[in-house]
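Asks: So the sequence shown is residues 1 to 202, counted in the UniProt record's numbering.
This is the structure, below, for whatever I ask next.
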Amino acid sequence: MTLDSVLTQAQKRRTIRHFDSTPVDMNDIRTALNIAATAPSGADMQPWHFCVITQDAKKRELREACEQVEREFYESRISEVWRQDLEKLNLQIEKPFLSEAPCLIVIFKQMKHEDSPGHWVPNYYVNESVGIATGFLIQALNQAGYAMLTYTPAPIHFLTELCGRPENEIAEMILVVGHARKDAPLPQLKKKTMEEIASFID
Ligand SMILES: Cc1cc2nc3c(=O)[nH]c(=O)nc-3n(C[C@H](O)[C@H](O)[C@H](O)COP(=O)(O)O)c2cc1C
């Protein structure tokens with residue numbers, strides 16, 4: 001595989017918000033998680049956990065909880081600038097993709113770990129490390145042909161209990177994984193040019 005072919009596939013990745021019901025192959029999901037786990041992390045703490053949900057009842061429960069959070073967000077917490085930035089994406093309070101997509105991966109960051117019984121110490125560079133692992137995961141699933149949405153309800157803390165995770169873990173996002181519905185609309189976006197994203201000191 002050449003870097004050019006990786007680029008061609010990477011440029012096909014777009015955020016998809018409408019999924020069909022074709023199931024995911026769990027072997028692909030496991031392989032992609034193994035790829036995510038190769039990410040570098042601060043002091044090799046590997047401060048991530050991936051909760052993979054394919055059960056319909058749990059997806060419905062998660063959707064209901066997220067829609068409640070979205071309602072409160074749009075009604076009282078969102079700033080005017082943020083609202084304007086989101087307008088071009090035409091986002092709604094209802095999140096049907098959470099019950100329609102075959103697979104939800106809730107990505108958790110472990111803010112601290114227990115180095116001896118009852119003794120908790122903070123992890124290093126948690127946001128950076130989990131962000132990199134998430135990037136690896138997205139890239140792997142994109143290479144395998146899956147469609148995805150990086151969904152971030154705000155606030156997101158309720159996912160710890162909903163997924164049965166310990167209190168040292170906070171969700172970073174829900175990665176919605178599946179296959180794009182044929183009629184899935186795509187907002188027109190203009191990506192930055194090489195001149196805008198990079199400078200070279202030779
Ligand atoms: C950290 C992060 C949070 C995001 N949160 C949401 C979200 O909550 N809802 C949503 O519909 N899209 C969300 N997105 C998707 C972005 O809107 C999308 O990546 C951006 O518009 C660029 O489009 P593209 O991914 O198709 O290139 C998020 C993306 C990132 C990286």
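We put the beta carbon where it would ideally sit given N, CA and C, even for glycine.
(1) Are Met60 and Phe108 touching if we call contact CB-CB under 8 Å?
(2) Does at least one heavy atom of ligand 1 sit under 7 Å from the Cβ of Thr8?
(3) Taking Val130 as part of the alpha helix (DSSP H), name the residues at either end of that continuous run.
(4) In terms of residues, what are the limits of the alpha helix (DSSP H) holding Phe73?
(5) Within 7 Å: the Cβ of Leu91 and any heavy atom of ligand 1?
(6) What residue range is occupied by the uninterrupted alpha helix (DSSP H) comprising Asp28?
(7) Do Leu91 and Leu62 have their C-beta atoms closer together than 8 Å?
(8) Glu67 and Ile93 - do their beta-carbons sit closer together than 8 Å?
(9) Report yes if the C-beta of Arg83 is less than 7 Å from at least one heavy atom of ligand 1; otherwise report no.
(10) May I ask you to report which of helix, strand or coil DSSP gives Ala180?
(11) Leaving aside the five residues before and after Glu100 along the sequence, list all residues of the same chain whose C-beta is less than 6 Å from its C-beta, in chain order.
(12) Alpha carbon to alpha carbon, what distance is there between Lys182 and Glu160?
(13) Should Thr150 be listed as close to ligand 1, given that the test is whether its C-beta is under 7 Å from any heavy atom?
(14) With burial defined as no fewer than 16 other Cβ atoms inside 10 Å of the residue's Cβ, what is the status of Asn127: buried or exposed?
(15) Taking 8 Å as the cut-off, does the segment 67 to 78 touch the segment 136 to 145 (at least 3 CB pairs, one atom from each stretch)?
(16) Using 8 Å as the threshold, is the C-beta distance between Tyr125 and Gly42 below it?
(17) Could you tell me if Trp48 is buried or exposed, where buried requires 16 or more neighbouring beta carbons within 10 angstroms of its beta carbon?
(18) For Arg30, verify whether its CB is less than 7 Å away from any heavy atom of ligand 1.
Replies: This is what the structure gives:
(1) First, the amino acid is wrong: residue 60 is Arg here, not Met. In this structure, Phe108 does not lie closer than 8 Å to Arg60 by Cβ.
(2) no
(3) Val126 to Gln143
(4) Taken as a continuous stretch (DSSP letters only), Phe73 belongs to no alpha helix (DSSP H), as it is neither H nor E.
(5) Yes, since a heavy atom of ligand 1 falls inside the 7 Å radius drawn around the Cβ of Leu91.
(6) Met26 to Ala36
(7) Cβ atoms of Leu91 and Leu62: not closer than 8 Å.
(8) Yes, they are a contact pair.
(9) Because no heavy atom of ligand 1 lies under 7 Å away, the Cβ of Arg83 does not count as near it: no.
(10) strand
(11) Phe19
(12) Before going on, a small fix: residue 160 reads as Thr here, not Glu. If you draw a straight line from the Cα of Thr160 to the Cα of Lys182, it is about 33 Å long.
(13) yes
(14) exposed
(15) Judged by Cβ distances under 8 Å, the segment 136 to 145 makes no contact with the segment 67 to 78, as fewer than three pairs qualify.
(16) yes
(17) Burial call: buried.
(18) no
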